[in-house]
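Notes for the one structure printed next.
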Amino acid sequence: MSTSSIAGPPRTARLVACLGAALLALTAACVPGTSAGFTDSTFGQAALTTAAGLDSPPTDYDQSAASSLFISARGELYITGFRGNGDGNGQRPAGTAAPSRVSFPEGTVIVDAAGSTNDFSTVYDWTNSYMALDSRGQVWTWGAVYGGALGRHGYGLIGRGGISAEQSRTVGRVTTTADGTPLPHIRSIARSENQFLALDGSGQLWAWGYGGENLPRPAGPGVDAALPFRVDLTTWAPSLTRCDGGGGNNLGRVLWHSVWGGNNAAGAVGQNGLIYSWGFDNMQPPGSGNGITSTTCPSINERANRVLFQEYPELYRTVDGLVYDESLLRSETERHARFSAIVNARLQAGVLEQCSSVKGVGKTDESGCPVRQLAFPARATLLLTQNGKLQTWKASTLNYGDPFLGRSPGSNPHWPTTVSVAGTPLTIRSFSPGISSVQALTTEGRVLGWGWNNYCQAIGRPTGKPDCNAARNTPTAATDLVSSATPVAGIPVEDKVTRISTTQCAAWATTESGRLYAWGAGTVAGTDFRTCKEPASAQKGYKIYDYDSVDQANPFGRPVTGRATETRKVAGE
C-alpha cells in the first residue's frame, strides 16, 4: 500500500503550530495519563520526529473487530478503536482513547499491516490479532487468535512460539520457522481470520496460526502452527485430505507469485500462472451445492482459472493449442475437460513469464500477471483481471456471499459474472472488500459500492431510512441491500479518486487533489462475517477522524463519534 501523506499546506501549517505549542508544554500536555492520552508510544513521542499524523485511510484488508490500523507518511503504525487484545505496547486503552502508536525499534519503517478477528465479530473480541511488515522485510505480530493447542486464547499462535498473554499484547518480531531456520525476508503479507500468511522474495509462502480451519497445513486439518511453516504442496481438486502425499492428490511443489487473504478463505497465484485457494467454503466445484469446507491444501480453483483462460487465451492453451471459449464449449462436461487440459499444459510448461516475479506490497498487482487482485469475502470470490474486469461469484448456496456480488439479483450468483452498471461492463482499477460491503475504483477515478448499507457503508448515503444514524442493527434486503454497483454519494465528480480503502463497516477515498473522504460506521463493528452492528459499549471505538480539526488537544483531529455518517470530507482543502 502507499504510505504517502495527503496532507496539504493548510493542514501542515495548523499541525506545525499545534506541535510548537505542544512541545513547549510536552511534559504537561503529552505525558501518560493526561487528556491528550499519548504516551511514549503515541503522538507525544512521534511529535519529536515527524509532523505526520493520521491524515490517510487505514491499511488495506484490516478486518479486526472494532479497530483500525493506520500507517503515517513516516512509516509509523497506529491503532485506533478497540484495543482489548493490546495496542502493541502492552497496554489496553479504552476504545475511545486517542490513537496509539505501536512501538518498534528505532529506525523501523512499517509498509503494510493487517488485522483480523475470529468470525469477524466483537463476540470474539479476545481473538484480535495483528501483523505488520517493515521495509526490511521483517514481520511483527501481536494479539491472540481463536483456540489452539497452546491455550484457548491462542497466544502462542501468532508466529512467536509459546508466549504469555502479557507478551502477546506487545508487538514482537517473527524470527524463526518451524524447521528452525530464520524466517526469510518477506515481500508481502495477508490474513485469513485466525491465520497469518507471508510471501518471501524467493516465492516461498509461509503460514501460521490456528489449524482448525483455513490454515493451509500439509498435515491436514486440526493441527495448529505456533511458528511459520512452508506452504508449497498443492492438490488438483479440493479435498479434506492432507496434501503432503496422502490421498493420492499431490501435485508437487509450487513457487508463488502473489498471496491474497479473505474472511474464511485465502488464495495465491503460482508462478505457473494458476490460481489456488484454500480455507472454509473457498470454492464451489461445478454441479455441487455448498462449497468445500476447511480445505487444508492449496487446490486449483476451477472457476477462478476458467476466468483467466477465457480472458487470456494467448497465455492459456492446451498442448495442442486449443483455448477455453465458453461460447464454443456447450456443455459442462466439455468445459471441465478443456479446463483440465489447459491446467495440465500449464503445469507441464512451468513458469509463466508474466508471473515469474514475486509481488510486493500493494493493493493491486502491477506486474502484468493476469490476476490484478483477488479476495475472498464471506463465501464469495472477487477476481479482478489486468484488463479491468471484476468478476464475482458465490462459493456456497448459503446467503453469506450475497452482499459481495455487486450485480443483478437475476443473474446466477454461482457463476463468474462481470460487475457492471445497467449492463455496461466497468473497467476497474482496484476494489476493496469490507465486512459487509465492497467498494470499487474505476479507471476514470469514480467509486462504486454495493452490499449492506444499513449504516451507509456501501454508498455513503441512506437507503430505506431518513439518515445514516437511524437504528437498524439487523439489515433487511428490501431496504438495506444495494445489490448492484452504485456510485458512492458525496464525492464531487471533478475530484478524481486515486485510492480506496475499506475496513469493517466504513470506507475512505483519496483524491487527486489531496482530499480524503470517509463514510459509513464510525463506531459500529462487523459481526457474523457480513453484517454491521453496534457493539457493546466496552468494544466501541472510533474509526473515522476529521483531520481538518487539528489542534493542540487533538493532534490527529477529532474523531467522528456518531454511529454512522454520510460521505464527508475529512482532510484537504
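Read in order, the letters of the sequence shown correspond to residues -36 to -1, 1 to 537 in mature numbering (1 follows the signal peptide of the UniProt record, and there is no 0).
Where a beta carbon is used, it is the ideal one built from N, C-alpha and C, also for glycine.
Of the listed residues the options, nearest to residue i (C-alpha basis)
i: Phe244; options: Thr259, Gln235 and Thr345; result: Thr259
i: Pro334; options: Tyr511, Gly370, Leu279 and Val287; result: Leu279
i: Asn49; options: Gly39, Val383, Pro426 and Ala30; result: Ala30
i: Ser448; options: Gly454, Val383 and Pro262; result: Val383
i: Gly365; options: Trp357, Ser372 and Arg371; result: Trp357
i: Leu293; options: Ala489, Asp284 and Arg270; result: Arg270
i: Ile264; options: Trp200, Asn236 and Glu296; result: Trp200
i: Val411; options: Thr23, Arg100 and Leu390; result: Leu390
i: Pro456; options: Ala442, Ala473 and Val446; result: Ala473
i: Gln503; options: Asn236, Ala489 and Ser513; result: Ala489
i: Glu157; options: Gly226, Val461 and Leu316; result: Gly226
i: Thr139; options: Trp483, Trp170 and Asp196; result: Trp170
i: Glu177; options: Pro262, Gly237, Thr381 and Asp24; result: Pro262
Rounded C-alpha distance that separates residue i from residue j
i: Pro192; j: Leu147; result: 8 Å
i: Ser36; j: Tyr42; result: 8 Å
i: Leu121; j: Ser132; result: 10 Å
i: Glu530; j: Pro426; result: 7 Å
i: Leu219; j: Ala229; result: 20 Å
i: Arg47; j: Val66; result: 12 Å
i: Arg(-23); j: Gly424; result: Only weak support exists for where Arg(-23) lies, its pLDDT of 40 falling under 50; the value from the coordinates is given anyway. So the alpha carbons of these two residues sit roughly 29 Å apart.
i: Leu97; j: His378; result: 35 Å
i: Ala313; j: Ala453; result: 48 Å
i: Gly387; j: Arg371; result: 9 Å
i: Tyr240; j: Tyr110; result: 25 Å
i: Phe340; j: Thr361; result: 15 Å
i: Gly284; j: Arg302; result: Note that residue 284 corresponds to Asp in the displayed sequence, not to Gly. If I take the Cα positions, the gap works out to 11 Å.
i: Arg100; j: Arg137; result: 12 Å
i: Arg343; j: Thr491; result: 15 Å
i: Ser477; j: Gly536; result: 8 Å
i: Arg479; j: Asp76; result: 22 Å
i: Glu266; j: Gly167; result: 22 Å
i: Thr198; j: Arg217; result: 7 Å
i: Asn376; j: Ser400; result: 20 Å
i: Asn363; j: Ala442; result: 15 Å
i: Arg155; j: Thr145; result: 23 Å
i: Val514; j: Glu458; result: 26 Å
i: Tyr25; j: Gln516; result: 32 Å
i: Val534; j: Asp143; result: 48 Å
i: Glu130; j: Val524; result: 31 Å
i: Pro69; j: Thr381; result: 47 Å
Cutoff 8 Å; reference residue i; Cβ partners in own chain excluding five residues on either side
i: residue 553; result: Past the boundaries of the shown model lies residue 553; the chain is included only from -36 to 537, so the question cannot be answered.
i: Gly1; result: Annotation note: pLDDT 28 at Gly1 (below 50); position unreliable, coordinate value reported separately. Same-chain partners within the cutoff: Pro57, Ala61 and Ala62.
i: Tyr88; result: Ala29, Thr81, Asn82 and Tyr110
i: Thr349; result: Val271, Leu272, Glu275, Tyr276, Pro334, Val335, Arg336 and Gln355
i: Tyr288; result: Arg270, Phe273, Gln274, Pro277, Tyr280, Arg299, Arg302, Phe303 and Ile306
i: Asp51; result: Ser5, Ile43, Pro57, Ser64, Val66 and Arg133
Inter-residue CB distance, residue i and residue j (contact presumed, cutoff 8 Å)
i: Leu354; j: Trp224; result: Rounded, the Cβ-Cβ distance is 14 Å, inconsistent with contact.
i: Thr467; j: Gln27; result: 7 Å
i: Thr450; j: Trp414; result: 6 Å
i: Ile464; j: Leu369; result: Their Cβ separation, rounded to whole angstroms, is 18 Å, which puts Ile464 and Leu369 out of contact at 8 Å.
i: Tyr506; j: Thr44; result: 6 Å
i: Val103; j: Ile153; result: 7 Å
i: Ala470; j: Gln421; result: 6 Å
i: Arg522; j: Tyr509; result: 7 Å
i: Pro499; j: Thr141; result: Contact flag wrong, Cβ pair sits at about 36 Å.
i: His149; j: Gly165; result: 6 Å
Cutoff 7 Å; reference residue i; Cβ partners in own chain excluding five residues on either side
i: Val187; result: Gly175 and Arg181
i: Arg436; result: Asn418, Lys429 and Asp444
i: Gly374; result: none
i: Gly398; result: Gln421, Thr466, Thr467, Gln468, Cys469 and Ala471
i: Thr438; result: none
i: Gly173; result: Val109, Leu121, Asn158, Gln159, Phe160, Leu179 and Ala189
i: Pro367; result: Ser400, Ser401, Gly415, Trp416, Leu445 and Arg494
i: Arg194; result: Gln168 and Trp170
Residues near residue i by beta carbon distance below 6 Å, same chain, minus five either side
i: Tyr94; result: Gly79, Trp106 and Gly107
i: Gly526; result: Asn433 and Gly486
i: Thr282; result: Ala305, Ile306 and Ala309
i: Val385; result: Ala449
i: Arg393; result: Leu405 and Thr407
i: Ala268; result: Ile239 and Leu347
i: Arg532; result: none
beta-carbon residue i near the ligand FAD non-hydrogen atom, thresh 7 Å
i: Gln337; result: Annotation note on the ligand FAD: not contained in the displayed structure, which lists no ligands.
Self-check item: Segments assigned alpha helix (DSSP H), at least 4 residues, entirely inside the segment 373 to 443
Solution: none
Quiz prompt | Complete runs of the alpha helix (DSSP H) confined to the segment 30 to 94 [at least 4 residues] | solution = none
Exercise. Could you tell me which uninterrupted beta strand (DSSP E) segments, each at least 3 residues in length, are contained entirely in the segment 154 to 199, listed from first to last along the chain?
Key: 159 to 164, 169 to 173, 189 to 195 and 197 to 199
Practice problem: Any chance you could list the alpha helix (DSSP H) runs of at least 4 consecutive residues sitting entirely within the segment 467 to 510, in chain order? | Solution: none
Quiz prompt | Every unbroken alpha helix (DSSP H) within the segment 301 to 374, with a cutoff of 4 residues, ordered by chain | solution = none
Self-check item: Residue ranges of each alpha helix (DSSP H) within the segment 261 to 298, 4 or longer
Solution: 266 to 275
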